[in-house]
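Undergrad: In our numbering, the protein residues as written are 1 to 434. Input: one structure, supplied below.
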């Protein structure tokens, strides 16, 4: 225990804050957060009050055992809360930061960005995550505004403003069923737009069964246990598992030959982490989860952004300590459950340390041995990890020698002779990826 009597958290807590809850100016077909309105029946204002903001910032900084604290503002659409709200957030961060370094990240659909917004984001060094699924026809298939109209032009206008003001940003692209059949159209579009940082997120959602659906009308509960192995209710936009792997492989093959050092695909960065034996920076591929919580507009804290359901509510910042809530979640088994429930086929898989069974929410199919609880995307993940393995070995070798990873592009299909170096102490190395 710490001197203050709070539980010691050996590694950092990651909190995703919802300044406007589920409220959004868009109505994307695949959004899993719109249903959260059911958690607060009759309520009309979902803006985070200033007192909740202050309490959250003070509690979050106090609870962190790391020298750096990352604030992630998400939604809904967080820019609906207005610049004044975030200016107050910065003031409270300055008041309570002590000696810690504070960083701010905001995830936005980009449609409400203005010169004023971008100036604010630039001046205060916010990193922006921009939701953009690809070329116009791909993006507009599922991402509509509240009137059902396409949003591509508005998002692109927002991206141009970010570039104009020099705001650092990356793109979060959701991969739907149809998207997976057009990997290079998507990737080349982002290259044409000079997007340097991209993350490809697979869409995997199921409709609840009838019993859970009735419950969800009032409590927004996840599908019942009886539906845990049922794939018949997968939504029409859910990506096919193997096609998601094929999608990433097609992009990887072009990236590794042409764009290393120029374009950074987070999915490949995570695979490289695994090759080095470094723990994943995201909960998705971590050995355990449970330290990434969601903070709702009213201060309610949930065990995970994908588990914002009544049974996973940990408490409220108005009366509970964040570190204590996280520790209680871990003690209950929410995080360790991910590792403890791994199937035998996962434990014996050569890709185990690259994915650790993926997100528990997606473990709803049977293994080849008939065991329930395999990740729906397993086949796709395994394809990618197997295909990229030899390249990851080469990346690791280059980095260990203190050389630029981009040299890998010269070693594909032909030998690359790396002469001896006195500065690094290595002998001549021949790198050849056949």
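Each residue gets a CB set at the ideal place from its N, CA and C atoms; glycine is no exception. It should be emphasised that the depicted structure is a prediction, and the values quoted were computed from it without experimental measurement.
Just curious, the alpha helix (DSSP H) that residue 276 is in, first and last residue?
TA: Premise fails: residue 276 is in no alpha helix (DSSP H) and is neither H nor E.
Undergrad: Counting only runs that start and end within the region 104–154, where is the alpha helix (DSSP H) found for 4 or more residues in a row?
TA: 115–123 and 136–142, all fully within the region 104–154.
Undergrad: What would DSSP say about residue 239, mapped onto helix, strand or coil?
TA: coil
Undergrad: Between which two residues does the beta strand (DSSP E) carrying residue 337 extend?
TA: Not the beta strand (DSSP E): residue 337 falls in the alpha helix (DSSP H), residues 337–340.
Undergrad: Determine the direct distance from the alpha carbon of residue 52 to that of residue 62, and round the result to whole angstroms.
TA: 15 Å
Undergrad: Nearest to residue 286 by CA position, among 271, 300, 258 and 164, is which residue?
TA: Taking only the C-alpha atoms, the option nearest residue 286 is 271.
Undergrad: Could you check if residue 139 is buried or exposed, using at least 16 other CB atoms within 10 Å of its CB as the buried criterion?
TA: buried
Undergrad: I'd like to know whether the C-beta atoms of residue 18 and residue 50 end up nearer to each other than 8 Å.
TA: no
Undergrad: When the Cα of residue 278 is compared with those of 203, 354, 324 and 347, which residue comes out closest?
TA: 354
Undergrad: In three-state DSSP terms, what is residue 319?
TA: Residue 319: coil per DSSP, three-state reduction.
Undergrad: Taking DSSP as the reference, what is the three-state secondary structure of residue 41?
TA: Correct three-state label for residue 41: coil.
Undergrad: Do you know how far the Cα of residue 361 is from the Cα of residue 275?
TA: 25 Å
Undergrad: Can you say whether residue 134 is buried or exposed, counting buried as having 16 or more other CB atoms within 10 angstroms of its CB?
TA: buried
Undergrad: Only counting the same chain, and skipping five residues up and downstream in sequence, which positions put a Cβ closer than 7 Å to that of residue 150?
TA: 140 and 144
Undergrad: What residue range is occupied by the uninterrupted alpha helix (DSSP H) comprising residue 93?
TA: 83–96
Undergrad: Along the chain, where does the alpha helix (DSSP H) that runs through residue 307 open and close?
TA: Neither: residue 307 is in no alpha helix (DSSP H) and is coded neither H nor E.
Undergrad: Which residue from 84, 401 and 130 puts its Cα closest to that of residue 201?
TA: 130
Undergrad: Count the other C-beta atoms from every protein chain shown that fall within 10 angstroms of the C-beta of residue 306, then say buried if there are 16 or more, exposed otherwise.
TA: Buried, because 16 or more other Cβ atoms sit within 10 Å of the Cβ of residue 306.
Undergrad: Grouping DSSP H, G and I as helix and E and B as strand, with all else coil, what is residue 282?
TA: coil
Undergrad: What did DSSP end up calling residue 158 once you bin it into helix, strand or coil?
TA: In the three-state DSSP reduction, residue 158 falls in the helix class (H, G or I).
Undergrad: Short check: CB of residue 30 to CB of residue 174, under 8 Å?
TA: Yes, the Cβ-Cβ distance between residue 30 and residue 174 is below 8 Å.
Undergrad: Any chance the region 281–297 sits against the region 317–333, with 3 or more Cβ pairs inside 8 Å?
TA: Contact between the region 281–297 and the region 317–333 is present, because at least three Cβ pairs lie under 8 Å.
Undergrad: How many Å lie between residue 246 and residue 433 at the Cα?
TA: 20 Å
Undergrad: Can you name the start and end residues of the alpha helix (DSSP H) that residue 192 belongs to?
TA: Boundaries of the alpha helix (DSSP H) harbouring residue 192: 183–192, taken from the DSSP string.
Undergrad: Leaving aside the five residues before and after residue 218 along the sequence, list all residues of the same chain whose C-beta is less than 8 Å from its C-beta, in chain order.
TA: Only weak support exists for where residue 218 lies, its pLDDT of 38 falling under 50; the value from the coordinates is given anyway. 38 and 41.
Undergrad: Let me check understanding here. Comparing Cα to Cα, which of 369, 324 and 26 lies closest to residue 435?
TA: Absent from the model: residue 435. The displayed extent of the chain is 1 to 434, so no value can be given.
Undergrad: Restricting to Cα atoms, I'd like to know which of 116, 162 and 76 is closest to residue 127.
TA: Checking every option, the nearest Cα to that of residue 127 belongs to 162.
Undergrad: Under the DSSP definition of a beta bridge, which residues are partnered with residue 198?
TA: Answer by DSSP bridge pairing, in chain order: 171 and 265.
Undergrad: Between the region 334–342 and the region 256–265, are three or more C-beta pairs nearer than 8 Å?
TA: no
Undergrad: Quick one: what's got a C-beta closer than 7 Å to residue 419's C-beta in the same chain, skipping five residues either side?
TA: 428
Undergrad: State yes or no: is the C-beta of residue 74 within less than 8 Å of the C-beta of residue 12?
TA: no
Undergrad: Roughly how many angstroms separate the alpha carbons of residue 211 and residue 32, rounded to a whole number?
TA: Only weak support exists for where residue 211 lies, its pLDDT of 40 falling under 50; the value from the coordinates is given anyway. If you take the alpha carbons of residue 211 and residue 32, they lie about 19 Å apart.
Undergrad: Suppose you measure from the CA of residue 351 to the CA of residue 386; what does that come to, to the nearest Å?
TA: 8 Å
Undergrad: What is the DSSP secondary structure of residue 291, counted as helix, strand or coil?
TA: Coil at residue 291, not helix or strand.
Undergrad: Please classify residue 372: does DSSP put it in a helix, a strand, or coil?
TA: strand
Undergrad: Measure from the alpha carbon of residue 342 to the alpha carbon of each residue in 308, 309, 378 and 310, then state which is nearest.
TA: Measuring from the Cα of residue 342, the nearest candidate turns out to be 378.
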